[in-house]
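Below is one structure, written out as structure tokens, with a few remarks after it.
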Amino acid sequence: MRGRPPACRDPDRGQDERHTLDAALACHSTPTELDFWEEVADTYAVGYGGQAPTARLAELADDVIALRTLLARPQTTTDRTRLCRTVGQLSGMAAIVLHDLGETREARGWFHSARMAAGESGARQLVAWLYAREAMTPLTYGVPRDAVRLADRALLAAGDSPSAAAALAAAVSARAHAVTGNREAARAALARTQEIADRLDSASTADTWLGLPEQKLHLSHAHTRLGATAQARAAQDRALQLSGPNSYQARALMRMDAALCDHHAGDKAQGCRRAVDAPIELPTDQRTGLVRSRAADLLRHIPASRTGERTVTDLRDLLRT
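And the structure:
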């Protein structure tokens with residue numbers, strides 16, 4: 000006759016192992032927990048909401064640590080898929096804040112971790128969104144060719160269906176090509192951006208970090224770098240109209256684009272004044288690497304013969320603080 004399971008030969012040991020099993024089963028994430036964390040991700044997706052980037056980053060990091068604990072528990076396939084998707088979203092948002100702060104190396108690391116989680120969840124559009132958002136890091140901080148490469152990966156991951164990720168990737172590609180002086184590729188990417196954006200549904204154009212409203216395409220940047228001043232001014236005005244009063248950085252970036260337009264139009268003094276005023280009008284805790292990088296970009300365009308002028312000196316002093 001077959002013997003009983005080893006755990007049952009000793010009643011006390013059998014009871015201990017049953018309690019261990021009960022504890023392990025209790026370690027599964029519950030639907031209520033998963034619902035909670037998905038709601039947390041939706042809350043973060045609204046953006047800074049007037050909060051300082053460093054404070055937002057601290058909150059995101061704490062919550063990612065909590066989710067890491069959940070990931071270590073045994074999960075059903077369905078629950079792990081949901082959990083990995085949420086981890087991908089929160090990690091991606093932490094990477095966005097690091098990008099805005101100018102912490103490029105850390106940002107790239109968090110984007111990588113976010114894509115690993117998103118890939119495990121099977122969320123293809125989330126993977127595309129992460130590639131597109133990461134492409135903004137080399138674009139902002141002086142490596143536009145890397146931005147094109149990442150934007151291409153985002154478009155490949157997004158597939159043929161219109162999505163916020165695909166539209167953002169095309170827009171970043173347009174801006175990066177404009178920065179490198181590839182006018183033909185920039186114009187083609189601008190056309191592709193508009194074609195995708197025109198097909199987006201209301202959920203895709205929500206004013207969140209996961210959505211892409213018109214003002215966050217930042218097409219004025221591409222038009223500005225192409226020297227299409229009239230189109231750039233129109234895009235800036237439209238973006239400012241659509242941006243809320245708490246969209247501090249978005250509004251500052253539009254003013255930076257306006258400053259570069261002044262430069263292209265020949266009014267370099269006015270351009271410098273705008274560039275100095277834009278970060279000064281920001282709350283102190285919002286004067287991040289993102290805004291400063293645009294000011295530095297303008298400064299690089301100032302000819303050597305004018306570097307001693309007062310407005311140029313003011314701009315240079317601003318970047319030193």
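Each residue of the sequence shown is one higher than the one before, counting from 0 in numbering that gives the first Met the number 0. Glycine residues also receive a C-beta, built at the ideal position from the N, C-alpha and C atoms. All figures in this text were calculated on a predicted structure; none of them were measured in a lab.
| Query | Result |
| --- | --- |
| Residue 145 to residue 154 span [Cα, whole Å] | 14 Å |
| Assigned secondary structure, residue 171 (DSSP; H/G/I helix, E/B strand, else coil) | helix |
| Secondary structure, beta strand (DSSP E): runs of 3+ residues fully inside the stretch 195-221 | none |
| Cβ-Cβ separation, residue 87 to residue 125 (assumed contact under 8 Å), whole Å | 5 Å |
| Local Cβ density within 10 Å of residue 240, reported as buried at 16 or more and exposed below that | exposed |
| Beta-carbon proximity list for residue 259, same chain, < 6 Å, skipping 5 on both sides | 223, 297 |
| Straight-line Cα distance separating residue 287 from residue 49 | 14 Å |
| CA-to-CA distance, residue 207 to residue 35, given in whole angstroms | 19 Å |
| Helix, strand or coil at residue 189 according to DSSP, with G and I counted as helix | helix |
| Unbroken stretches of the alpha helix (DSSP H), 4 residues or longer, contained in the stretch 92-173 | 103-120, 123-139, 143-157 |
| Range of the contiguous alpha helix (DSSP H) that encloses residue 242 | Run containing residue 242: none; DSSP gives neither H nor E here. |
| Span of the alpha helix (DSSP H), counted from its first residue to its last, around residue 57 | 52-70 |
| First and last residue of the uninterrupted alpha helix (DSSP H) at residue 279 | 267-279 |
| Buried or exposed (CB count within 10 angstroms, at least 16 for buried), residue 111 | exposed |
| Cut-off 6 Å between Cβ atoms - residues of its own chain near residue 247, not counting five sequence neighbours on either side | 281, 285 |
| Under the three-state DSSP convention, the category residue 43 falls into | helix |
| DSSP state of residue 76 mapped onto helix, strand, coil | helix |
| Alpha helix (DSSP H) segment containing residue 227, residue limits | Neither: residue 227 is in no alpha helix (DSSP H) and is coded neither H nor E. |
| Burial state of residue 99 (16 or more Cβ within 10 Å) | buried |
| Residue from 189, 83, 74, 92 with nearest C-alpha to residue 42 | 92 |
| Cα-Cα separation, residue 305 to residue 266 | 12 Å |
| The stretch 211-225 contacting the stretch 163-174, beta-carbon criterion three pairs below 8 Å | yes |
| Buried/exposed call for residue 256, threshold 16 Cβ in 10 Å | buried |
| CB of residue 293 within 8 Å of CB of residue 318, strictly | no |
| Under 8 Å between C-beta atoms of residue 89 and residue 59 | yes |
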